[in-house]
Amino acid sequence: MKGNPMKRLLMSLTLLVACSLIAAVPEGGVPAIQENAIASLRAESQTEHATLTRVKVEGQPFAEAIRCDIRTQPERPWAVQFQFRTTRRIEKGEVLWMRFFARTLESRTENGEGQVHAIFEKAGPPHDKSLSCGVMLGRTWQEYFLPFKSREAYEAGRASAGFHLGVMAQCVEIADVALYAFGTGYDLARLPRTRISYAGQALDAPWRTAAAARIEQHRKADLAVRVTDSTGRPVPGAKVAVEMRRHAFGWGSAVTVKGILRQDADGEKYRAVIEKNFSRVVFENDLKWNNWDKPDHQASVLRALDWLRERRIDVRGHCLVWPSWRHTPRDLQTLKDDPEKLRARINAHIAHEVSTLKGRLIDWDVINEPYTNHDLMKVLGDEEMIAWFKLARRYDPEVNLYLNDYAILSGGGLDRAHQDHFEKTLRFLKQGGAPINGLGMQAHFGGTPTPPERMLKILDRFAALGLAISITEHDIDTQDEQLQADFTRDFLTVVFSHPAVVALLTWGFWEDSHWRPNAAYYRSDWSLKPAGQVWLDLVTRTWWTNETLTSGADGTARTRGFLGDYVITVMRDGKTVSRPVTLTNSGCNLTVAIP
-11 MKGNPMKRLL MSLTLLVACS LIAAVPEGGV PAIQENAIAS LRAESQTEHA
39 TLTRVKVEGQ PFAEAIRCDI RTQPERPWAV QFQFRTTRRI EKGEVLWMRF
89 FARTLESRTE NGEGQVHAIF EKAGPPHDKS LSCGVMLGRT WQEYFLPFKS
139 REAYEAGRAS AGFHLGVMAQ CVEIADVALY AFGTGYDLAR LPRTRISYAG
189 QALDAPWRTA AAARIEQHRK ADLAVRVTDS TGRPVPGAKV AVEMRRHAFG
239 WGSAVTVKGI LRQDADGEKY RAVIEKNFSR VVFENDLKWN NWDKPDHQAS
289 VLRALDWLRE RRIDVRGHCL VWPSWRHTPR DLQTLKDDPE KLRARINAHI
339 AHEVSTLKGR LIDWDVINEP YTNHDLMKVL GDEEMIAWFK LARRYDPEVN
389 LYLNDYAILS GGGLDRAHQD HFEKTLRFLK QGGAPINGLG MQAHFGGTPT
439 PPERMLKILD RFAALGLAIS ITEHDIDTQD EQLQADFTRD FLTVVFSHPA
489 VVALLTWGFW EDSHWRPNAA YYRSDWSLKP AGQVWLDLVT RTWWTNETLT
539 SGADGTARTR GFLGDYVITV MRDGKTVSRP VTLTNSGCNL TVAIP
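Numbering (this note's numbering), first residue to last: -11 to 583.
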């Protein structure tokens, strides 16, 4: 271990608990899983990657624990898990409180901590989760508390609480697992909560100074406005208003055609938020193959695109090929034994959608999530991915073409198998001559914030491939609004500070139109959540240039502004002249003659 071990421990991702051991169950709590649940597990069970064993424990307020010895890390955390079915009906929106003890016996991390994911989910596909929280475990027994609300209603036995353990090779122990239900009207804030923190969260964390320096270097440039009279002589003392109108960086959100076109009060607010806060958007589902094939829907898409174009809001295309049977029209799977017909069907789709939307989009996700979606490549070969990029380029020579995937930055940044596959696929595409312009990194976070310095290293790794990076699908799905706000602040700072990143799009902004309602910036009633305020404070205030200068003796006013579009207004003796200008990395020298 390098450096000061104690300092590294304090900076590590950990859970800070304000409550002591043997906390009393808050009044009104009713058990929702069997009591003494650990005793219901097998004495020992083995899988390819792990052994789970019930062991005796002394000197604690419980007599038994489950020891989880994960010898090798599986590809997915849920490959090693245990869960307990609910014993009562759970209502939609019901407040639940998960409590357990845990510790780490062995871990390969530098700080010696283990990690598990605490889960509450539907007990069957698609395993929709109301709780998915990464928990870092220290070396001593600690009690953990996780309050949350159920997203859906479940009959007894139709949901389960437990743990995904296959996060890394480690040996951890978990004991006294309990789940209590408090009804739908209970105030979630009344329940004890284990506060989640992460390395680098502190406001004086060293990484912030370096990030600020990179923002100053890469996101700003010098702007000089020389004021002259009609003969070209310098005019000192003129007022020069520098008003930023649009970021060069692509700050944006996922939107829906329905939201843009709806004609009611919510529709008006939905459009107003887009117009005021975002310079770039992506349609959440409207351009995906199954939806695009509906002629009436295509007409609605074009109407929404017209509205966005009128407001100079750029649009990403998502996505052309999501290469699995599950995410493509049903007739494709009937062609799996006829590669030529399958190829022709895919190519016709790409040709039609790209040509129809030519000139309307700034980016296209040509391929989405190939790590877990590869049915089409199994039939046609990996080389077909290169052909899809070339075909998209043929029908739109100007649009930027992307490969998009998830779990690169999220999940603690620890999904190395996914990261390695992403890099391998990108290198394969480049070496094969695919006209690829950028890497799309999804960034869906749950209760497991990835430390900023780790994210920066991951970005460095992929920036070395020489392609632009866009954060294409960002959200933080947690009911802890302070954690959400803190991590929004830090994630935006990390991304904006990295010179290879060109855009960040959150995956929705309004609770009533969001795939993960907890992650929205605006609540159902359009009140702004703390994380939404962080977005506005950073994107429209801290990283925004509006100032009034005075020209000096040489007639020049100077400043350093954020890259983007501006209107420069010069005022002298009741006369006013305005000029539009774009501030780029090379800076800008503007001369304004005032009569």
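Glycine included, each C-beta is placed from N, C-alpha and C at the ideal position.
With DSSP run on the structure shown, which of helix, strand or coil describes A106?
A106 falls in the strand class under three-state DSSP.
Taking DSSP as the reference, what is the three-state secondary structure of W85?
DSSP places W85 in strand when its eight states are reduced to three.
So which of R202, D513, C121 has the shortest CA-CA distance to N181?
Contrary to the premise, residue 181 reads as Arg rather than Asn in this sequence. For the options R202, D513, C121, the alpha carbon positioned closest to that of R181 is the one of C121.
Comparing alpha-carbon positions, which option in V123, T41, Q158, K110 lies nearest R59?
The residue among V123, T41, Q158, K110 with its C-alpha nearest the C-alpha of R59 is Q158.
Neighbourhood of H299 by C-beta distance below 7 Å, restricted to the same chain and skipping five residues each side:
First, the residue type needs correcting, since residue 299 is Arg and not His in the sequence shown. Setting aside the 5 residues that flank it on each side, R299 is surrounded in the same chain by E263, each with a C-beta closer than 7 Å to its C-beta; the list follows chain order.
Which residues bound the beta strand (DSSP E) around A149?
Note, A149: beta strand (DSSP E), 147 to 152.
Answer with buried or exposed for P283, where buried requires no fewer than 16 other C-beta atoms within 10 angstroms of its C-beta.
Counting Cβ neighbours within 10 Å, P283 comes out exposed, since fewer than 16 surround it.
How far does the alpha helix (DSSP H) with G520 in it extend, from its first residue to its last?
518 to 525 is the span of the alpha helix (DSSP H), which, as asked, contains G520.
Going by beta-carbon coordinates alone, are R87 and A12 separated by less than 7 Å?
Not closer than 7 Å, so no.
With a cut-off of 8 Å on the beta carbons, I'd call P224 and R214 a contact; round off their distance for me.
No, P224 and R214 are not in contact; Cβ-Cβ is about 11 Å, not under 8 Å.
Give the range of the alpha helix (DSSP H) segment to which F484 is assigned.
Looking at the DSSP string, the run of the alpha helix (DSSP H) that includes F484 is 469 to 485.
Please confirm whether any heavy atom of the ligand SAM lies closer than 6 Å to the CB of L119.
The ligand content of the structure shown is nil, which means the ligand SAM is not present either.
Between the alpha carbons of Q205 and G496, how many angstroms are there, rounded?
Those two C-alpha atoms are separated by around 30 Å.
Since G238 sits in a beta bridge, which residues does DSSP pair it with?
According to DSSP, which records beta bridges pairwise, G238 is partnered with A491.
Reduced DSSP category for S33 - H, G, I as helix; E, B as strand; rest coil
S33: strand per DSSP, three-state reduction.
Do S148 and Q71 have their CB atoms nearer than 7 Å?
Yes, the Cβ-Cβ distance between S148 and Q71 is below 7 Å.
For I424, three-class secondary structure by DSSP
Coil, per DSSP.
Tell me, please, whether the region 75 to 85 touches the region 42 to 61 by the rule of three or more beta-carbon pairs shorter than 8 Å.
No: the two stretches stay apart, fewer than three of their Cβ pairs being nearer than 8 Å.
What residue from D393, F479, K412, L349 has the CA that sits closest to D384's CA?
Out of D393, F479, K412, L349, L349 has the C-alpha closest to the C-alpha of D384.
Between which two residues does the beta strand (DSSP E) carrying P585 extend?
Because the chain is modelled from -11 through 583, residue 585 falls outside the range shown and cannot be assessed.
Quick check on N278: does DSSP put it in helix, strand or coil?
The answer is helix: DSSP assigns N278 an H, G or I state.
Under 8 Å: do the region 372 to 382 and the region 402 to 411 share three or more Cβ pairs, one atom per stretch?
Judged by Cβ distances under 8 Å, the region 372 to 382 makes no contact with the region 402 to 411, as fewer than three pairs qualify.
What number of angstroms, rounded off, separates the C-alpha of I396 from the C-alpha of F433?
Per the coordinates, the alpha-carbon of I396 lies some 11 Å from the alpha-carbon of F433.
Whole-angstrom Cβ separation of I203 and A141, contact assumed at under 8 Å?
Cβ-Cβ separation between I203 and A141: approximately 46 Å, too far for a contact (criterion under 8 Å).
If you drop the 5 nearest sequence neighbours on each side, which residues of the same chain put their C-beta closer than 6 Å to that of L455?
Cβ neighbours of L455 within its own chain (closer than 6 Å, five residues either side excluded): G426, L427.
By a C-beta neighbour count over all protein chains shown, 10 Å radius and 16 as the cutoff for buried, is E341 buried or exposed?
Under this definition E341 is a buried residue.
Consult DSSP for E98 and reduce its assignment to one of helix, strand or coil.
Only weak support exists for where E98 lies, its pLDDT of 46 falling under 50; the value from the coordinates is given anyway. Coil at E98, not helix or strand.
For a minimum of 3 consecutive residues, which ranges assigned as the beta strand (DSSP E) are wholly contained in the region 306 to 338?
If one requires a minimum length of 3 residues, no beta strand (DSSP E) run lies completely within the region 306 to 338.
Other residues of its chain near M443: CB distance less than 7 Å, five sequence neighbours each side excluded
Taken in chain order, the residues that qualify are L397, G401, V482.
Do R207 and F550 come within 7 Å of each other at the CB atom, strictly closer than that value?
The beta carbons of F550 and R207 sit closer together than 7 Å.
Check G47 in the structure and name its three-state DSSP category.
DSSP, reduced to helix, strand and coil, places G47 outside both helices and strands of the structure shown, so it counts as coil.
DSSP three-state assignment for L9, whether helix, strand or coil
Low confidence applies to L9: its pLDDT is 46, below 50, so where it sits in the model is not reliable enough to give any reading.
Helix, strand or coil for Y394 per DSSP?
Annotated three-state conformation of Y394 is coil, per DSSP.
Using three-state DSSP, classify A639 as helix, strand or coil.
Lying outside -11 to 583, the shown extent of the chain, residue 639 is not represented and no answer is given.
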